[in-house]
Amino acid sequence: MKFLQYICEKTVFALFALCFSFMSLYVPQPQVVHAGGAAGGATEITQIANNIILGIQQGYQQVSAMMNTVISTMTSNLWIKENILDGIGWALAKNVISSMTSSIVNWINSGFQGSPAFITDMEGFLLGVADRTFGQYLEQLGGPYSFICAPFRLDVRIALAVYYESARANGSPSPTTCTLSGALANIENFIDGTQSFVDAGGWNAWFTMTSQPTKYTPYGNLVEAQAQASARIVNARGEEVKFLEFGQGFLSSKICQEVADESGSHSDCTITTPGHTISQALNKSLGAGQDTLVQADEINEIIAALFGQLANQAITGAAGLLGLTGGTGYSYQGTPFTSQLSQSGFTSNPQRLRQLMEDSRNVELNYQVAAADYEDRLRAYSNNLLNPTDGRIAARNAADGIPAIIADSQRLVTTLNGLIAEFDAMNGNDVMVIQSIADRYFSLRLHTQNEVDAQLAFWQNLLR
Amino acid sequence: MNSYQNPKVVGAFLVGFAIVAGTYVYATFGRPRLPAPQPAAAAEAAPPRVFIPVSDSDTDGVEDWRDQFVSGPAVTVQGEGAQYEPPETVTGQLGVALIEDLFKMKAGGPVARTTDQIVVGAVENLEKTSIKDTIYDVKDVTIVPDTSPEAVRAYGNALASIILTYNVPGLDNELLILRDHITSPGTVDNSGLIKLSAMYKNYRDNTLATPVPKDFVKAHLDLINVYNALYNSIDAMAQADADPVVALVRLKRYEDDATGLTVALNQIYNAIIPYASVFEANDPAIVFVNFYKESP
Numbered sequence: 001m002k003f004l005q006y007i008c009e010k011t012v013f014a015l016f017a018l019c020f021s022f023m024s025l026y027v028p029q030p031q032v033v034h035a036g037g038a039a040g041g042a043t044e045i046t047q048i049a050n051n052i053i054l055g056i057q058q059g060y061q062q063v064s065a066m067m068n069t070v071i072s073t074m075t076s077n078l079w080i081k082e083n084i085l086d087g088i089g090w091a092l093a094k095n096v097i098s099s100m101t102s103s104i105v106n107w108i109n110s111g112f113q114g115s116p117a118f119i120t121d122m123e124g125f126l127l128g129v130a131d132r133t134f135g136q137y138l139e140q141l142g143g144p145y146s147f148i149c150a151p152f153r154l155d156v157r158i159a160l161a162v163y164y165e166s167a168r169a170n171g172s173p174s175p176t177t178c179t180l181s182g183a184l185a186n187i188e189n190f191i192d193g194t195q196s197f198v199d200a201g202g203w204n205a206w207f208t209m210t211s212q213p214t215k216y217t218p219y220g221n222l223v224e225a226q227a228q229a230s231a232r233i234v235n236a237r238g239e240e241v242k243f244l245e246f247g248q249g250f251l252s253s254k255i256c257q258e259v260a261d262e263s264g265s266h267s268d269c270t271i272t273t274p275g276h277t278i279s280q281a282l283n284k285s286l287g288a289g290q291d292t293l294v295q296a297d298e299i300n301e302i303i304a305a306l307f308g309q310l311a312n313q314a315i316t317g318a319a320g321l322l323g324l325t326g327g328t329g330y331s332y333q334g335t336p337f338t339s340q341l342s343q344s345g346f347t348s349n350p351q352r353l354r355q356l357m358e359d360s361r362n363v364e365l366n367y368q369v370a371a372a373d374y375e376d377r378l379r380a381y382s383n384n385l386l387n388p389t390d391g392r393i394a395a396r397n398a399a400d401g402i403p404a405i406i407a408d409s410q411r412l413v414t415t416l417n418g419l420i421a422e423f424d425a426m427n428g429n430d431v432m433v434i435q436s437i438a439d440r441y442f443s444l445r446l447h448t449q450n451e452v453d454a455q456l457a458f459w460q461n462l463l464r
Numbered sequence: 465m466n467s468y469q470n471p472k473v474v475g476a477f478l479v480g481f482a483i484v485a486g487t488y489v490y491a492t493f494g495r496p497r498l499p500a501p502q503p504a505a506a507a508e509a510a511p512p513r514v515f516i517p518v519s520d521s522d523t524d525g526v527e528d529w530r531d532q533f534v535s536g537p538a539v540t541v542q543g544e545g546a547q548y549e550p551p552e553t554v555t556g557q558l559g560v561a562l563i564e565d566l567f568k569m570k571a572g573g574p575v576a577r578t579t580d581q582i583v584v585g586a587v588e589n590l591e592k593t594s595i596k597d598t599i600y601d602v603k604d605v606t607i608v609p610d611t612s613p614e615a616v617r618a619y620g621n622a623l624a625s626i627i628l629t630y631n632v633p634g635l636d637n638e639l640l641i642l643r644d645h646i647t648s649p650g651t652v653d654n655s656g657l658i659k660l661s662a663m664y665k666n667y668r669d670n671t672l673a674t675p676v677p678k679d680f681v682k683a684h685l686d687l688i689n690v691y692n693a694l695y696n697s698i699d700a701m702a703q704a705d706a707d708p709v710v711a712l713v714r715l716k717r718y719e720d721d722a723t724g725l726t727v728a729l730n731q732i733y734n735a736i737i738p739y740a741s742v743f744e745a746n747d748p749a750i751v752f753v754n755f756y757k758e759s760p
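Chains A and B supply the protein sequences, listed in that same order. Take 1 as the starting number for the first sequence in my numbering and just add one per residue. Take 465 as the starting number for the second sequence in my numbering and just add one per residue.
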């Protein structure tokens, strides 16, 4: 037994020594890489094509351009992503920033040509927003959860409305004339009223009132309401400061302008961010005092956010449409972006928006009627044993898909009815309401007449 | 204090030391030794300090050394009073629309759309205009009822002939061409991309015009739609200078398009292979063997 233990000890020691020696002496050697052919071998299917295998090599060379694409996906997707796609994406993103900045600045320098009217009358538009915000606030003050004590709620609302009208007419809010001494005088009047000092609550009530004048005096309420109203209006005008979180380096680019001099003209360039450049152009175009309207950081932020959204957006390509998901079919693409751009400016002609909504509703209603008719006809075709089997199967599949199309169209009609009713209930041409309706209308994935026609032609083709 | 030393411990220590010393000597034997540091000449004068010249070789107001830190093309803006042309590119329209939306957000205050909503809306619009392709369907192709081996052979050869006829040999992968073009502007042109996009356009149009046996309709339409997708993607790459945002979003779906091409060609191969016995060695359709891919 001892002998066995002795052997084990020596063996372990020798192994340790050997490992230690090996680690000390080992020098990594570069591996010799042998060029090899593409992986793969004969399979049952390729063996079937043995009679034509001699032409494979020649065929490969003949279709080299397309094979580049095929091989790239068959063999090395990850390599392409790491080594090529990321680099191209980065370079393209820089080009996008340059191109967008150029278009935006040129548009601003042109005096906002083709823009909605509100941009050229920003002051008037902002005043409208301020009015609306103040009106909403005034309404809240009269509500059941208002912070103003009930006995003088009406007085405060009237005083606040008068104050706002005065400030609006003068162009800027006037400094408050309600001073602490005024508030104290009011309290003294209150204390000298019909009730005795004790009946009115005594010293406790007096201390409560004097320590919280903004809550227990009408003047205090007014001061508080003025402050809150101002805060809401300021917020409504979007003057809160936002800080750029990222992207400063990525967004930096060289901005150049052609400058004439004695020798002709030359480029005058600076390195800056698009936000700064656009903000400068805006300040120039809109005049002094508007510089806080849109700050450089906000522009940088929204451009950076756009790239963030693009990077995170999952985009399906051709593979998603093919056998991986079950075949080709119609894809409803909604209203094209370019059409949306050309159809902007509803604030100047609101009835155009209503007409568009009505047209869309009619398209949907007609589509529903036609789809229901085709469903019956396709089912009749599929049930007729005299028709070809393939055709019957295709007709049945198409008929099975129609109820979902009709349900989708009915949902769209309901939404359109709601938008049209909201449009009709609008008082005058309220720009904000029109814009809100237009935004919601364009966000709908409506069927265009062309798409409906194509779908009906497809169903008709199945009935042949 | 017991001063007795176990001879085994001493022996093991000595053997271990000998092994370590031996391996060290062996591992470093023959290596060139670093020269012994020489004491610096105390009297040697420091080299004269040379200022890097602040040059501006292109006289654009930005010094050469700062130019190196700016990537991407310079933005050239028009001066005030210049003739304004509304942007025709998606990139230009996107930029103007984005700032318009920012104005609306400012003007609308609490009732306006948020920044996130604006950005999401802009990307959705981009998808509608730049990413979605026309989908070709059964109404766009001519379907023939004949599915005899001879008809299949004629069909396979017709598809292959289109590939061989309009192939553009000697070009790199489109991604490599695009990379070289946008990273080396002025030295590598985009003619390769234009040729490749024309190639896929020819593939699409001629395949659309090819009558298809009714059993092959699915594979046929898939191939056409893939050709169309790749044509649109490579065409957008070719226009990357003028309209980079379209190229960028098409690049996002390029991998999927390329995978789609592999799938579509493989479908054609699998559809034809049951009729392999009727094909001859010199038939053009043999090119589809190149696109065989074993199912995962």
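We treat Cβ as the ideally placed atom computed from N, Cα and C, and that holds for glycine.
- A distance below 8 angstroms separates the beta carbons of Leu685 of chain B and Tyr600 of chain B.
- Spanning the alpha carbons of Asn654 of chain B and Ala702 of chain B requires a straight line of approximately 6 angstroms.
- Taking one beta carbon from each stretch, the segment 449-464 of chain A and the segment 589-598 of chain B have fewer than 3 pairs nearer than 8 angstroms; the two do not touch.
- Taking all protein chains shown into account, Glu552 of chain B has fewer than 16 neighbouring C-beta atoms within 10 Å of its C-beta and is therefore exposed.
- Straight-line measurement puts the Cα of Val413 of chain A at about 11 angstroms from the Cα of Tyr367 of chain A.
- In the three-state scheme derived from DSSP, where H, G and I count as helix and E and B as strand, Gln5 of chain A is classed as helix.
- Looking at the DSSP output, His645 of chain B sits in no beta bridge, so it has no partner there.
- Here His276 of chain A is not bridged, per DSSP, to any residue.
- Think of a sphere of 9 angstroms around the beta carbon of Thr579 of chain B: the chain A residues whose beta carbon falls inside it are Lys242, Glu298, Glu301, Ile302, Ala305, in chain order.
- A contact is defined here as three or more CB-CB pairs under 8 angstroms, and the segment 92-106 of chain A meets this definition with respect to the segment 559-566 of chain B.
- Against chain B, a Cβ distance below 9 angstroms from Gln309 of chain A picks out Asp580, Val583, Val584, Ala586, Val587.
- Listed along the chain, the chain B residues whose CB falls inside 9 angstroms of the CB of Cys8 of chain A amount to none; the nearest CB is some 15 angstroms away.
- By the C-beta density criterion, Arg361 of chain A is buried, having at least 16 other C-beta atoms within 10 angstroms.
- Residues of the segment 388-400 of chain A with a C-beta less than 8 angstroms from any C-beta of chain B: Asp390, listed in chain order.
- No Cβ of chain A is located within less than 8 angstroms of the beta carbon of Ile658 of chain B.
- A direct Cα-Cα distance of roughly 16 angstroms separates Ile84 of chain A from Ser697 of chain B.
- Note on geometry: alpha-carbon atoms of Ile688 of chain B and Val681 of chain B lie some 10 angstroms from one another.
- In the DSSP annotation of this structure, the continuous segment of the alpha helix (DSSP H) that includes Thr389 of chain A starts and ends at 389-424.
- Taking every protein chain shown into account, the CB of Leu639 of chain B has 16 or more other CB atoms within 10 angstroms, so this residue is buried.
- Positions of the beta strand (DSSP E) runs, each at least 3 residues long and wholly inside the segment 667-732 of chain B, cannot be given because no such run exists.
- Under a 10 Å Cβ-count criterion, Cys19 of chain A is classified as exposed, with fewer than 16 other Cβ atoms of the shown protein chains found around its own Cβ.
- Counting the other CB atoms within 10 Å of its CB gives Ala421 of chain A a total below 16, which places it among the exposed residues.
- Of all C-beta pairs linking the segment 738-745 of chain B to the segment 714-721 of chain B, fewer than three are shorter than 8 angstroms, placing the two stretches out of contact.
- Counting other Cβ atoms within 10 Å of its Cβ, Val489 of chain B stays below 16 and is therefore classed as exposed.
- The shortest C-alpha to C-alpha distance from Thr273 of chain A to any of A:Glu301, A:Ser267, A:Phe13 is the one to A:Glu301.
- Counting only residues of its own chain and dropping the five nearest sequence neighbours on each side, Thr674 of chain B has a CB closer than 6 angstroms to the CB of Ala622.
- Here Glu364 of chain A is buried, its C-beta having at least 16 other C-beta atoms within 10 Å.
- Annotation for Val539 of chain B: the continuous beta strand (DSSP E) segment containing it runs 539-541.
- The three-state secondary structure of Val514 of chain B, taken from DSSP, is coil.
- Taking 4 residues as the shortest admissible run, the segment 604-662 of chain B contains the following complete alpha helix (DSSP H) segments, listed from N- to C-terminal end: 613-630, 638-647.
- The beta carbons of Ala371 of chain A and Ile406 of chain A sit about 5 angstroms from each other, so the pair counts as a contact at 8 angstroms.
- Residue burial is scored here from C-beta neighbours: Asp699 of chain B has at least 16 other C-beta atoms within 10 angstroms and is therefore classed as buried.
- Using a CB distance cut-off of 8 angstroms, Thr647 of chain B counts as an interface residue toward chain A.
- With at least 16 other beta carbons inside 10 angstroms of its own, Asn95 of chain A counts as buried.
- With fewer than three CB-CB distances shorter than 8 angstroms, the segment 376-395 of chain A does not count as touching the segment 467-477 of chain B.
- Within the DSSP bridge table, the entry for His266 of chain A names A:Val259 as partners.
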